[in-house]
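The structure under discussion appears below in the form of structure tokens.
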Amino acid sequence: MRRLFVSVAICTLCACGRPAPEQTASWQGIEFSRMLVHWQRYTEPGYLDFVSEAQPEVVQVGFYGADFWALAHVPQAIKKRTAARQPVDGDLKASGAYFENLNRELHQRGVKVVGHIDTTYHLTGLIDGSEGPREGFFKFYNELWDEAELGPKPVQDPLELLQRKADGSPYSIRSDDFSPWPIYHGCLNNPHWRAVLKAWVRRGIARGLDGFAINYFYTNGCVCQYCQRGFRDHLRQRYAADEIRRQFGIHDLDTHQFAEVNGWYKRNEMTPLRLEGQKFADISRKRAFDEVFIEYGRSLKPDLILAQWLHSYQPVATNDERMMLPPDLWARGEDYLWYCVGRNEPTLLMRYMRGAAGDRPFSVCHYERIKIRAAMAELAANGGSPMTRYADFTTPESRKEVVRFLNFMKRHDAIYHANRMAGEAVLLYPRSEIQNGRLMDALTAFHAIGDRLLAEHVLFDVLPDDLATPERLAGYRRVFTPSSAYDPGDLHSGLSRFEAPPSVRVSANRPAQGEEIDIHFVNYARRESDAAEHPMPVSGMSADIVLPPGFRASRVEFITPEVDGEPVALPMQQAAGTVRFAVPEVQVYGVARVYLERGTVAGALPSRLASFWPQSLAMPAAAASHPQRECDGAGCLRDVSHVH
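Numbering (this note's numbering), first residue to last: 10 to 653.
Following this line, the structure appears as structure tokens:
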């Protein structure tokens, strides 16, 4: 195979001399890099032995919200395959006791336990007919609510808790692979429903949880009295009466009845009112999260670990439940981030998550059942915590790979624990464009340049444009802006050069301690198969690394989970400001650790970099964001005839 030359330029020690990205003031945070996640197989024999072998720091398992209370008493023969799997079939009390014991067992193995809690969904059951509300959630609420466990009911009639349609009837959907009954939804703006959630939070903490992964923040266009009132207040606080008439066609806001309060980005169907509805919905989700989990949950357990389980199906995500949040609310109070990302490669989203949240822990649920090694590697390489929801630990080969990878990360914890981004360049994520209703154009441009940067192996971070202050950008050599009108020219000007195959992704991190830069390689190439991963190794790579002024490489080591044994010391050649070495074969994942020490090597800098160093710590003359247009093809500023 032809030799692949990698040229990595490191402008100063610890990621171009810039300080660590700021964390939000409210985030005290835990740091971890290894986790296990299971939705169903936690009841299998040998699960606890598997946890002992894998040695995670966090285990995300069990159910404590509507996914438990509405379903645990329903026999699996009635529920369908996608319903949350309960430990003791059809027995609410026994299932709760099982989770308490599981939490004790996991704590004995030295891990933190985070439970799933559904905030709106899973409210399946029947409400029609002379018998009234029954089955599923309604049977639980009417017959099985135990005040000794949960306190008094917030209201007597469970129908008062539900999301509503414009005609006043409860909103429902059908899902044949989940339940034979309709699925209703609790309303996050309803104070009585929030009281139900608080009761469930209190019980989960009593059962020994360290934290919650909170999911199903679905609003579904609810227009109950609480959503109507809240949306009116939202508009009133942001617009004068004449602006409301002109922009939204609403002449009397106090009496206006909305036919929907939009909660999702509707491609090619957005109007000014729907855009405001989505902003209100995202803020409402955040307010409910804050009240129930941060304010109430942490009043019971101050160190309660919290994460929101959200969605962002790549590449053009219209289902992100917080895409409209301002930066001061985005992920505030969360210990780690979690997104379900669909089937496509999530590298750009992971870098956005990391840049937007200030390098705190994160994971993604990549809907990938075959390329398990690649799914773990992409997270480790980009500062995330590999998770294994789709890895079957009951299969020997799958179990071996999960245990091997997590054990590898534990052995080399120094380079993973609390590491930081170390990109040479930064790509701005167009969050302000998206929040102004230009999602399709903005994300199309973002992925066009982002995919090109990945394919050409540029070492880059991603930062939301509304956080891109001069101080944050000053340490980057180049700033790339996503715009159909923006031509970045030579992507490698002043940057590292990776002449690697397109199947390889590269990223740079710096550890929390020590003078070191770590270059991560993830190889996605495999022989296509529906049954096994079948990676296709890459060999013949080499690296040409430009060192920071005043430093030289003391040694270079290569580590990989794919080969047992100690780190491999790589032969290297140094000239002034550079170190060169060959990269061993990479099956799926490997890391080159470049250790630095103060000192210089005689000789001239390569000519292509000589003119770069005097400006190495100054912000480059980056192209400004392209002028904002009134609207993209989504139609966000169409006429107001489509007003509810």
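Glycine residues also receive a C-beta, built at the ideal position from the N, C-alpha and C atoms.
### Query
How about R514 and V531: are their beta carbons less than 8 angstroms apart?
yes
### Message
For N224 and R247, I'd like the C-alpha separation in whole angstroms.
### Response
29 angstroms
### CB contact flag (F149, H82, <8 angstroms)
yes
### Query
Between the C-alpha atoms of N151 and I182, what's the straight-line distance to the nearest angstrom?
22 angstroms
### Task
Quick one: give me the first and last residue of the beta strand (DSSP E) that F489 is part of.
R487 to F489
### Query
Thinking C-beta only, is D344 closer than 8 angstroms to G220?
yes
### Task
List the DSSP bridge partners of C374.
C349
### Query
Straight-line CA distance for L57 to A215?
22 angstroms
### Query
In terms of residue numbering, what span does the alpha helix (DSSP H) encompassing E406 cover?
P405 to R420
### Task
Assign K121 to one of three DSSP states: helix, strand, or coil.
strand
### Query
Which word fits G138, buried or exposed, when buried means at least 16 other C-beta atoms lie within 10 angstroms of its C-beta?
exposed
### Query
Do Y73 and I126 come within 8 angstroms of each other at the CB atom, strictly closer than that value?
yes
### Task
Just list the alpha helix (DSSP H) runs in the region 458 to 484, keeping only unbroken ones of 4 residues or longer that don't cross its boundaries, in chain order.
479 to 482
### Message
Could you tell me the alpha carbon to alpha carbon distance between A423 and P395, rounded to whole angstroms?
### Response
16 angstroms
### Task
Count the CB pairs spanning the region 205 to 212 and the region 290 to 302 that are closer than 8 angstroms, and state whether there are at least three.
yes
### Query
Going by Cα to Cα distance, which pick from Y180, F240 and H201 is closest to N229?
Y180
### Task
Measure the C-alpha to C-alpha separation of H466 and F267 and round it to an integer number of angstroms.
49 angstroms
### Query
For M545, does the three-state DSSP call read helix, strand or coil?
coil
### Query
Are G351 and Y376 closer than 8 angstroms when you measure CB to CB?
yes
### Query
Which residues in the same chain as R203 place their Cβ atom closer than 8 angstroms to its Cβ, once the five residues preceding and following it in sequence are excluded?
L197, A297, E300 and V301
### Task
Would you list, in sequence order, the uninterrupted alpha helix (DSSP H) runs of no fewer than 4 residues that lie entirely inside the region 82 to 138?
101 to 117
### Cβ pair count under 8 angstroms reaching 3, the region 252 to 270 against the region 325 to 334
no
### Query
Enumerated in chain order, which unbroken segments of the beta strand (DSSP E) with a length of 3 residues or greater are wholly contained in the region 270 to 325?
314 to 320
### Query
Should T280 be labelled buried (16 or more other beta-carbon atoms within 10 Å of its own) or exposed?
buried
### Task
Indicate the three-state DSSP secondary structure (helix, strand or coil) for S181 in the structure shown.
strand
### Query
Does the distance from the CB of I443 to the CB of P491 come in under 8 angstroms?
no
### Message
Checking the sheet assignment: what are the DSSP bridge partners for G599?
### Response
F530
### Message
Do F226 and G286 have their beta-carbon atoms positioned less than 8 angstroms apart in this structure?
### Response
no
### Of the listed residues R481, V610 and M545, nearest to P557 (C-alpha basis)
V610
### L244 - containing alpha helix (DSSP H), residue span
Q234 to R247
### Nearest to L604 (by Cα), restricted to the options R564, R90 and M44
It should be noted that the sequence gives Tyr, not Leu, for residue 604. Here the closest residue by C-alpha is R564.
#### Entry: Classification of M545 by the beta-carbon crowding that lies within 10 angstroms, buried from 16 upward
exposed
### Query
From the DSSP output, which residues share a beta bridge with Q582?
R589
### Query
Can you give the beta carbon distance from G446 to L284, rounded, assuming they're within the 8 angstroms contact cut?
5 angstroms
### Query
What is the C-beta distance between R486 and L504, in whole angstroms, given that I count them as a contact (C-beta under 8 angstroms)?
6 angstroms
### Task
Classify G364 as helix, strand or coil using the three-state DSSP reduction.
helix
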